[in-house]
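> Next up is a structure, given as structure tokens.
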Amino acid sequence: MKILIATPEAIPYVKTGGLADVTGVLCREYRKMGKDAHLILPLYKPIKEANFNLKDLGVRISVPVGSRKIKGKIFTDKDLNFFIECDEFFNRDELYGTSEGDYIDNAARFVFFSRGILETCKLLQFKPDIIHCNDWQTGLVPIYLKTLYINDPFFKDTATLLTIHNIGYQGLFPSSELPVTNLGWDLFTPEGIEFYGKLNFLKAGLISAELLNTVSHTYSREILTKEYGFGLEGVLKKRIDDLYGIINGIDYQEWNPLEDRFIPANYNQNDLSGKNKCKLNLIKSLFENSKKESLRLPLIGVIGRLSEQKGIDLLLNSIGELMRFRVKLIILGKGDEIFQRSLIEMSKKYKEQMSITIGFNEQLAHKIYAGVDFFLMPSKYEPCGLGQLIALRYGSIPIARKTGGLIDTIEDYDPLSQNGTGFLFDDYTPSSMLCALKRAFCIFTDRGKMEKVIMNGMGKDFSWKRSAEKYIELYERALEKKKSAH
Ligand code: ADP
115 MKILIATPEA IPYVKTGGLA DVTGVLCREY RKMGKDAHLI LPLYKPIKEA NFNLKDLGVR
175 ISVPVGSRKI KGKIFTDKDL NFFIECDEFF NRDELYGTSE GDYIDNAARF VFFSRGILET
235 CKLLQFKPDI IHCNDWQTGL VPIYLKTLYI NDPFFKDTAT LLTIHNIGYQ GLFPSSELPV
295 TNLGWDLFTP EGIEFYGKLN FLKAGLISAE LLNTVSHTYS REILTKEYGF GLEGVLKKRI
355 DDLYGIINGI DYQEWNPLED RFIPANYNQN DLSGKNKCKL NLIKSLFENS KKESLRLPLI
415 GVIGRLSEQK GIDLLLNSIG ELMRFRVKLI ILGKGDEIFQ RSLIEMSKKY KEQMSITIGF
475 NEQLAHKIYA GVDFFLMPSK YEPCGLGQLI ALRYGSIPIA RKTGGLIDTI EDYDPLSQNG
535 TGFLFDDYTP SSMLCALKRA FCIFTDRGKM EKVIMNGMGK DFSWKRSAEK YIELYERALE
595 KKKSAH
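Heads up, the sequence shown is in my numbering, so the first residue is 115 and it goes up one at a time.
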């Protein structure tokens, strides 16, 4: 089976969120399984500037974007992944926009990328059985195959799967951008790609891909509701039979406390002493005048995009109360200006108990996952969430809101049976969150119970193998569907 994973980001090349982990690791997993799998992504400036030893394949594509024809060059690397170079669109510091907002030509950029993927396949004579699309940036690929390329024999047997990593991001553009896509106005209807007067790239994929999936079973059901569907619940309900949920895994090579090169001491389930060293080191590096006694206080970590989705407003509203407990809170994140500013303010007020680092810092993330006792994820919604999976692997107990993938991956602790891997809360309110935190603090003082929960979590397996196999099954189903439509 020939697999092409079309994605706007992937590790190790570029990453702004979990999508990059998923696509990068999934591709690697397929290779281990002996599949012919490749990633294709835009050649952004950060990829060019890093040392990936890219090789120009000498292939030149010319992609219609509205009335223009935009040229692109195709590069590859040692892993035989493909990169589409177009400096006009991708030679920028960020992937999608700056803190001031999205790039204004995002519609044209991802029209070029989506159609460029198909043109690249043709010129390389690489005929994929499946194009696995990811999020709105590649949402046009399936609709192009069903419209502009419908009679192209090259793609006669190519099926598509679209993975929704986060339905909150849809690629919405004014209707005036429709000509940029080269799709006809006949498609600009509520049954088509129109969405409340706008053009919706994700919807284009949702109505045209052979199959759809999201990154957890619970989220695949949640997005059928008004609360979580962001207006696309009706579209998805029509495709309910084609909608699946496959939980993400994490890269067990990268996230392994026994071999992690970023952390000051390595450890595993059999000997947690290294974890204590990590905690002490973390506290010392982030808090002035910290004493060894702080080891005896609960240390809570938060890592993620500072956005409403991640529950940062809830966190901000609870910090005052939380600081009454003798705890320390460490936050690493980057995102909305207003949240960044408020968290910095708070950390100044509670400087002995709270530390905030603004930015994307892989190394510090590893240190936090290893050094904290508890990992907090108060998300408003969470398609899958990777933070809790990493935390479990590092023996840091997740405390999270009962939503999406957090429900599917964390078992709420039961004090009677001592089963469970974390602490879950229901309502999106400070009192509900604080209640879960208090339950967690209760076991913190009882080393035996604490270690039991840590072991329960560290014993779980969230490696990619099983999920990769499920994706292959889904590809096969998508292929069958395509065949039966002939
Ligand atoms: P998202 O919704 O952002 O994709 P996920 O939980 O699925 O959230 O994945 C986020 C990934 O990005 C995790 O691997 C997390 O450790 C990492 N991450 C998020 N923010 C930062 C940051 N500021 N520095 C380092 N890593 C980060």
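Heads up, the beta-carbon is just placed ideally off N, CA and C, and yes, glycines get one too.
1. CA-CA distance, P412 and I119?
2. Looking at the strands, I want to know which residues DSSP matches up with G425.
3. By the 10 Å Cβ neighbour count, where 16 or more other Cβ atoms means buried, how is F537 classified, buried or exposed?
4. Would you report the Cα separation of Y342 and A582, rounded to the nearest angstrom?
5. Just the Cα atoms here: how many angstroms apart are C392 and E466?
6. Should I281 be counted as a contact of the ligand ADP given a C-beta to heavy atom distance under 7 Å?
7. Nearest by alpha-carbon distance to P267: which of C247, C200, I278 and K241 is it?
8. Return yes when the C-beta of C498 is under 7 Å from any heavy atom of the ligand ADP, and no when it is not.
9. Run through the DSSP bridge pairs and tell me what D385 is partnered with.
10. Per DSSP, which residues does E199 bridge with? Please list them.
11. Put D522 into one of helix, strand or coil per three-state DSSP.
12. Is any non-hydrogen atom of the ligand ADP found closer than 7 Å to the C-beta of K442, if you look at the structure I gave you?
13. Please state if the CB of G311 and the CB of S289 are separated by a distance shorter than 8 Å.
14. Is C392 helix, strand or coil when you go by DSSP?
15. Return the CA-CA distance between R229 and R553, expressed in angstroms with no decimal places.
16. If A134 and E123 are in contact, beta carbons under 8 Å, what's the gap, nearest whole angstrom?
17. With respect to 7 Å, is the separation between the Cβ of N395 and the closest non-hydrogen atom of the ligand ADP below this value?
18. Quick one, are the C-beta atoms of N314 and H279 less than 8 Å apart?
19. From the DSSP output, in three-state form, read off K574 for me.
20. Kindly examine the ligand ADP and report whether one of its heavy atoms sits closer than 7 Å to the Cβ of D135.
21. Go to G359, then tell me how far its beta strand (DSSP E) extends in each direction, as first and last residue.
Based on what the coordinates show:
1. Roughly 42 Å between the two C-alpha positions.
2. For G425, DSSP records no beta bridge to any residue.
3. By the 10 Å Cβ count, F537 comes out buried.
4. Rounded to whole angstroms, Y342 to A582 spans 26 Å at the Cα level.
5. Taking the straight line joining both Cα atoms gives about 19 Å.
6. Flag unset: Cβ of I281 not near the ligand ADP.
7. Closest in alpha carbon position to P267, among C247, C200, I278 and K241, is K241.
8. Under cutoff, so the answer is yes.
9. Beta-bridge partners assigned by DSSP to D385: N382.
10. E199 has K187 as its beta-bridge partners, per DSSP.
11. Here D522 sits in helix by DSSP.
12. No, the ligand ADP has no heavy atom inside 7 Å of this Cβ.
13. Between S289 and G311, the C-beta gap is smaller than 8 Å, which places the two residues in contact.
14. The three-state reading of DSSP puts C392 in helix, counting H, G and I together.
15. Rounded to whole angstroms, R229 to R553 spans 52 Å at the Cα level.
16. With a contact defined as Cβ atoms closer than 8 Å, A134 and E123 qualify at about 4 Å.
17. No, the Cβ of N395 stays beyond 7 Å of every heavy atom of the ligand ADP.
18. No.
19. Three-state DSSP puts K574 in coil, outside helix and strand.
20. At least one heavy atom of the ligand ADP is found less than 7 Å from the C-beta of D135.
21. Run containing G359: L357 to G359, per the beta strand (DSSP E) assignment.
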